[in-house]
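What follows is a single structure, written as structure tokens, with notes after it.
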Amino acid sequence: MQEDRMALRRWLERHADRLYAYLTTVGRRTGRPHRIEIWFAVADGRVYLLSGGRDRSDWVRNIRANPQVTLELGGEVHTGKARVLQPDTAEDQLARRLLVEKYRRGGELDEWGRTSLPIVIEFEGVS
């Protein structure tokens with residue numbers, strides 16, 4: 001168990017600087033997998049995402065219906081559980097800050113960081 005936890009953390013840390021991750025959710029109506037390319041940030045063994053479409057995004061609706069997701073980084077895929085973060089919490093602010101800092105180019109992402117819906121993916125055995 002400890003080895004699994006450490007291996008997952010190493011996987012996340014090794015790929016934290018990549019531009020994109022590949023998130024697969026389960027379709028809330030069809031039950032079929034839906035894969036998207038998405039910006040992400042990593043902290044403390046967790047992956048953070050922001051949805052500019054907020055609750056209107058299909059992938060967010062899928063997560064609300066079924067939080068089991070897979071995330072692919074560097075050709076390696078792991079299963080996790082995603083959830084929408086509670087507004088105005090420390091973790092909400094962390095997610096926003098990490099993503100804006102990672103992808104900001106001249107300040108144009110400030111509004112995106114303020115108005116997007118933050119999501120966290122937690123992986124079993126990683127604390």
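Sequential numbering from 1 applies to the sequence shown in full-length UniProt numbering.
Heads up, the beta-carbon is just placed ideally off N, CA and C, and yes, glycines get one too.
Model, not experiment: these values are computed from the prediction.
Exposure label - residue i; buried when at least 16 CB within 10 Å
i: Thr-30; result: exposed
i: Leu-99; result: buried
i: Val-47; result: buried
i: Ala-21; result: buried
i: Leu-19; result: exposed
Sequence-distant residues of the same chain with beta carbon closer than 7 Å to residue i, five excluded per side
i: Pro-67; result: Lys-81, Ala-82 and Arg-83
i: Ala-7; result: none
Among the options, nearest to residue i - alpha-carbon criterion
i: Ile-119; options: Leu-73, Ala-41 and Leu-12; result: Ala-41
i: Arg-32; options: Gln-86, Gly-74, Arg-114 and Thr-70; result: Thr-70
i: Gly-45; options: Trp-11, Gly-52, Val-26 and Ala-21; result: Trp-11
i: Arg-9; options: Thr-89, Leu-73 and Asp-88; result: Leu-73
i: Thr-24; options: Ala-16, Glu-76 and Arg-14; result: Glu-76
i: Arg-14; options: Glu-37, Ala-43, Glu-91 and Arg-105; result: Ala-43
Contacting residues, own chain, Cβ-Cβ under 8 Å from residue i (five flanking each side not counted)
i: Leu-50; result: Trp-39, Ala-95, Arg-96, Leu-99, Trp-112, Gly-113, Ser-116, Leu-117, Pro-118 and Ile-119
i: Ser-127; result: Confidence at Ser-127 is low in this model, with a pLDDT of 47, below 50, so the placement of that residue should be treated as unreliable; the coordinate-derived value is given next. The residues are Arg-5 and Gly-45.
Cβ neighbours of residue i in the same chain (closer than 6 Å, five flanking residues each side left out)
i: Thr-79; result: Thr-70
i: Ala-16; result: Val-42
i: Arg-54; result: Leu-117
**Prompt:** For the stretch 56 to 67 against the stretch 87 to 106, are there 3 or more C-beta pairs whose distance is under 8 Å?
**Reply:** no
**Asked** Going along the chain, which unbroken runs of the beta strand (DSSP E) with 3 or more residues stay wholly within the stretch 54 to 82?
**Response** 68 to 73
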